[in-house]
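For reference, the structure is listed below as structure tokens.
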Amino acid sequence: MSSTTTVATPDLLEHYDAGPAYDEFLSSQRQPRGHYQTLYQHLRSLPANELNRRQSAADLSFLNQGITFTVYSNEQGTERIFPYDLLPRILTGEEWSVIDRGLRQRMTALNLFLHDIYHEGRILKDKVVPVELVYSAPHYRREMRGVDVPRGVYVAVDGTDLVRVDDGRFLVLEDNLRVPSGVSYMLAN
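In terms of the working numbering, the sequence shown is residues 12 to 200.
Structural data, given as structure tokens:
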């Protein structure tokens, strides 16, 4: 991974080094992974500055369409372009199958957790999760105690942030259960 051997046109990958991190695009021999071959060949055909030009054009397009989010600090909001990458993360069917099963399982667990804290509270009584942690959470709603939600679904959309670790496995970094940023843009377009 730390090798500096160039496998593509020097223009795009000459100084590329993923370091110790897992590289989605290139294998440890600095060869494109099988499912990245088509993208790799396309990138080789581009002039060095073309990818930057396209990213800048896409950024401007996002800004003009209002595809932004607000970062709040000191009670002032700053508009930022919704982050994305022109180069897609390409997953194999096998990788997606593992992720899909894991995310479905996670969504079920999150809904069961919420049902429990608003009903029986076994996870709190058994001290698996500290009571004060739940009851002091800013989004905990005492008025939801005993309320049965349709089909037991408290959370229908989860913005799960995944990371791939150096051995190639995916791990969950965090869940965004309120209103995941970007969902409305996906639905609108």
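We put the beta carbon where it would ideally sit given N, CA and C, even for glycine.
Alpha carbon of residue i to alpha carbon of residue j, nearest angstrom
i, j, result
"residue 38", "residue 32", "11 Å"
"residue 129", "residue 44", "47 Å"
"residue 159", "residue 123", "12 Å"
"residue 117", "residue 54", "36 Å"
"residue 144", "residue 132", "13 Å"
"residue 153", "residue 140", "17 Å"
"residue 50", "residue 167", "34 Å"
"residue 27", "residue 179", "19 Å"
"residue 108", "residue 172", "17 Å"
"residue 164", "residue 126", "9 Å"
"residue 149", "residue 48", "47 Å"
"residue 12", "residue 161", "The pLDDT assigned to residue 12 is 40, lower than 50, so where the model puts this residue is not dependable; a value taken from the coordinates is nonetheless given after this. Distance between the alpha carbons of residue 12 and residue 161 is about 50 Å."
"residue 112", "residue 138", "28 Å"
"residue 34", "residue 82", "30 Å"
"residue 57", "residue 67", "15 Å"
"residue 29", "residue 76", "33 Å"
Neighbourhood of residue i by C-beta, 6 Å cutoff - its chain only, sequence neighbours within 5 removed
i, result
"residue 156", "129"
"residue 46", "101 and 103"
"residue 134", "127 and 140"
"residue 36", "47"
Where the alpha helix (DSSP H) through residue i begins and ends
i, result
"residue 73", "61-76"
"residue 144", "142-146"
Range of the contiguous beta strand (DSSP E) that encloses residue i
i, result
"residue 131", "No beta strand (DSSP E) contains residue 131, which DSSP labels as neither H nor E."
"residue 174", "170-175"
"residue 54", "Taken as a continuous stretch (DSSP letters only), residue 54 belongs to no beta strand (DSSP E), being part of the alpha helix (DSSP H) at 48-55."
"residue 184", "181-187"
Expected contact under 8 Å - CB spacing of residue i and residue j to nearest Å
i, j, result
"residue 182", "residue 121", "Residue 182 to residue 121, Cβ: 16 Å. No contact."
"residue 65", "residue 98", "No, residue 65 and residue 98 are not in contact; Cβ-Cβ is about 10 Å, not under 8 Å."
"residue 184", "residue 174", "5 Å"
Same chain, Cβ closer than 7 Å to residue i, neighbours up to 5 away in sequence not counted
i, result
"residue 142", "135"
"residue 61", "none"
Flag this pair as touching only if the segment 63-72 and the segment 91-109 have three or more C-beta atom pairs under 8 Å; answer yes or no. yes
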